[in-house]
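Under my numbering, think of the first position of the sequence shown as 5, with each following residue one higher.
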Amino acid sequence: MNNMDKSFRMKFEPKILAQYKRIFDKTSDDVLDDQFFKDLYILRSDLKELESILEELSPGDLNNTRNLFKKGVLIMKNMDPLRIENTLDTLNVFLRMIFQKKYNNFTSDVVHIISGLDNIDNIFMDFIISLETLIQKETSVILRTKALSLSLCTVCHGFNSNIISYFQYKDFFPSIIKYITDPATFSTAFLAFLFLGVLANNKKFESQNLYQTRLSDFVDNNAMQIIIDIISRICIECKNEYICLQNNKPNNIWNITSLLTYFNDIFFSSNNHKSTSLDTTVILSEDGFSKLPSCKAAILLPIYDFVNVNKAFCYIFITFKSPTNDSEIESPFSQFISFTSYLLEYQFQSLRASHYARLALLIIYILIDDDGCFDLLLSDSNSSIVYLCRQKQPFFPLIKGKRILLLAIFDALISSLHHNLKRNLDIEKYILQIRILLNITNSLEKRKCRLEYHWQEVWKFFMHFIMFLSANAEILKQSPHIEELILILFNFISLCITRGENFLLEFKDFEDLIYKSIQNGDIIKNFIKIYDVKVPSAKTILLVSEYYENLLNKYKSHELSPKKIMTIIKEGYGLFDPNSIENTEYIVPFKETKERVFLKSVIRITVLDAERCQL
């Protein structure tokens, strides 16, 4: 009896599997009627088995599947309560596997499989309308979430085809916002925000995009606050994945090994020898870092779109505070800065990480470029604790309390510039970061806003950077962007050296900059010679340096103690004629058209990650 039971169990096959095999049987001529599909969709789906069957089939084996999609759409349209959940699950797997296959002509071949060219408009519009209705009006949270998942799957996998254009004919924006703002669906609301981001970037450079317009016109402050809360939570999740691999170093401690390693990177990076670190946790977690950030970093794309077209969102993003109003908790925007600092520190791990880092920089660039946003970032009322990445030396001074958001951004940028000095320098990224620093500094100077900041660390880095560029000139001169980098670099130094009194809180910071420019005068002159620099700002730097050098040359070397040098600089500053310096406008405004090639590339990455988020 036991043997008979065992034999029976081995031969038993769930009915749903038999149904799948009938649909995808290449040799069968069976005509599958309406009752067959009613039975199919009322049975519990076996999604793994369905995926396995579809994976083995070639596009040419899928010509008998139209009714699977057509009858599924009919069930969705009629809101059949007994079958709709299984239908959503089945179509999600079906479309995902269909879209992943290779075709000679993606759009026409996929249309042929799912409906046929003659029926695609009616069937697919019914499909789109049914999805939108489910997301907005369905009372079941499970069904709403599965409808959202199917929508996201469709737009992500069909992103480069004309299929996604149907989502431009039916406006999903109200249903997306309702999903995001509904407390019942808050746990998966970030998927709705990703869905919006994907829709808003479909052919946005080629034609008018409905969802870009909706983002631009959106004025619901409460909904924006909920979106910003979602952004904050995702930034925390993504940041914590870095911290799980390596803890932050809380103290600004240097040891002999770290000092030697750092200066080896600066001065001898032109050699083939690579510096080594004794921190085994970094070595062990290297592979883990290469997989970061999480696919949820795709949320940066809709953030970018919102920030780029909606100033009201920008203001709320910067000013919104946690409902608890706890001074020990980071504000949502400070969470964004914090996550960005980790992206910047580890941007070299992969092209994907580099693209997300650059996208975060563009968000900051846009905010810095707007006078209203700049004032908010500068305002003490928006100050917050900001936990920046402290996993690599050299460390900046640790700020434990609340701080002005603008200075936290400055720290994140300078720290990233420090830690990504490599022979294969990402010159375009360095141009972007230094340009942001230049715009910040120029805006501070215009406002005559003097801030307490560790400016000496900034001067120290830029002198090291000039040394690095000189040491690696043979390689870096081959880049078509090196001249732009040098222009931005010298513009920044020139601005600081000529107008520093307007944004430096203490004169000693200005003295230190002049002292370093004199101390490194030969290095700067050699750099100008190596790269044949002819930009006006280089002449300005040399003019100012020579002015102070001439003052010092009046004294004998044994008379020039550091204190005496600072006194001479201070006296010389009072006699310096600012009219001898050309007054240059340094701010370079953000223009999306200049980033078009990059944005198309990062859109492809975020679309892939948006799909991965729901798997």
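No residue lacks a Cβ here, since even glycine has one placed at the ideal position from N, Cα and C.
CB of residue 390 within 9 Å of CB of residue 372, strictly = no
query = What do you get for residue 605, buried or exposed, if any count of 16 or more other CB atoms within 10 angstroms of its CB means buried?
reply = exposed
key: 8 Å CB neighbourhood of residue 539 in its chain, flanking five on each side removed   = 490, 491, 494, 495
key: Residue burial classification, residue 39 (beta-carbon count within 10 angstroms, cutoff 16)   = exposed
key: Assigned exposure category for residue 275 - 16 Cβ within 10 Å defines buried   = Low per-residue confidence applies at residue 275: pLDDT is 40, beneath 50, and the placement is therefore not dependable, though the value from the model is reported in the following sentence. Result: exposed.
key: DSSP-derived helix/strand/coil call for residue 407   = strand
query = Looking at the structure shown, is residue 211 part of a helix, part of a strand, or coil, going by DSSP?
reply = coil
request  = Name the two residues that bound the continuous alpha helix (DSSP H) containing residue 138.
outcome  = 124 to 141
ask   = Along the chain, where does the alpha helix (DSSP H) that runs through residue 83 open and close?
value = Looking at the DSSP string, residue 83 is not in any alpha helix (DSSP H), and its letter there is neither H nor E.
message = Does the region 590 to 606 come into contact with the region 453 to 470, if we say contact requires no fewer than three beta-carbon pairs (one atom in each stretch) closer than 8 Å?
response = no
query = Could you give the C-beta distance for residue 43 and residue 18, rounded to a whole number, given that I count them as a contact under 8 Å?
reply = 13 Å between Cβ atoms; not a contact.
task = Leaving aside the five residues before and after residue 607 along the sequence, list all residues of the same chain whose C-beta is less than 8 Å from its C-beta, in chain order.
result = 205, 305
ask   = How long is the line joining the alpha carbons of residue 395 and residue 346, rounded to whole angstroms?
value = 9 Å
query = Secondary structure at residue 455, three-state DSSP: helix, strand or coil?
reply = strand
ask   = To the nearest whole angstrom, what separates the beta carbons of residue 130 and residue 77, a pair I think is in contact under 8 Å?
value = 5 Å
Close beta carbons around residue 26, own chain, < 8 Å, minus the five adjacent residues each side = 32, 34, 36, 40
request  = Look at the alpha carbon of residue 116 and the alpha carbon of residue 66, and state the distance between them as a whole number of angstroms.
outcome  = 9 Å
inquiry  = With H, G and I counted as helix, E and B as strand and the rest as coil, what does DSSP make of residue 179?
reply    = helix
Contacts around residue 1, its chain only, beta-carbon distance under 7 Å, and the 5 residues preceding and following it disregarded = Here the chain has residues from 5 to 619 only, and residue 1 is not among them.
key: Identified DSSP bridge partners for residue 388   = 407
request  = Tell me, please, which residues DSSP counts as bridged to residue 508.
outcome  = 455
inquiry  = Does the structure place the region 169 to 179 close enough to the region 139 to 146 that three or more beta carbon pairs sit under 8 Å?
reply    = yes
Cβ-Cβ distance between residue 339 and residue 440 below 9 Å = no
inquiry  = Less than 7 Å between C-beta atoms, sequence neighbours within five positions excluded: which residues of the same chain meet that for residue 508?
reply    = 454, 459, 514
query = Is the Cβ of residue 57 closer than 9 Å to any Cβ of chain B?
reply = Going by chain labels, chain B is absent from the structure shown, which holds only one protein chain.
ask   = What does a CB cutoff of less than 8 Å around residue 485 pick up in its chain, not counting 5 residues either side in sequence?
value = 431, 432, 435
ask   = How big is the Cα-Cα spacing for residue 221 and residue 291?
value = 43 Å
request  = Using the Cα positions of residue 246 and residue 307, report the straight-line distance between them to the nearest angstrom.
outcome  = 21 Å
query = How long is the line joining the alpha carbons of residue 616 and residue 299, rounded to whole angstroms?
reply = 7 Å
query = Can you name, in chain order, every residue of its own chain whose Cβ lies under 7 Å from the Cβ of residue 463, other than the five neighbours on each side?
reply = 516, 517, 520
key: Sequence-distant residues of the same chain with beta carbon closer than 7 Å to residue 243, five excluded per side   = 342, 343, 346
Neighbourhood of residue 609 by C-beta, 6 Å cutoff - its chain only, sequence neighbours within 5 removed = 356, 359
query = Which two residues bound the contiguous alpha helix (DSSP H) that contains residue 64?
reply = Here residue 64 belongs to no alpha helix (DSSP H), and DSSP marks it neither H nor E.
message = Going by C-alpha to C-alpha distance, which of 219, 223, 185, 189 sits closest to residue 201?
response = 219
ask   = Along the chain, where does the alpha helix (DSSP H) that runs through residue 359 open and close?
value = 355 to 373
task = Give the straight-line distance between the Cα atoms of residue 380 and residue 409, rounded to the nearest whole angstrom.
result = 9 Å
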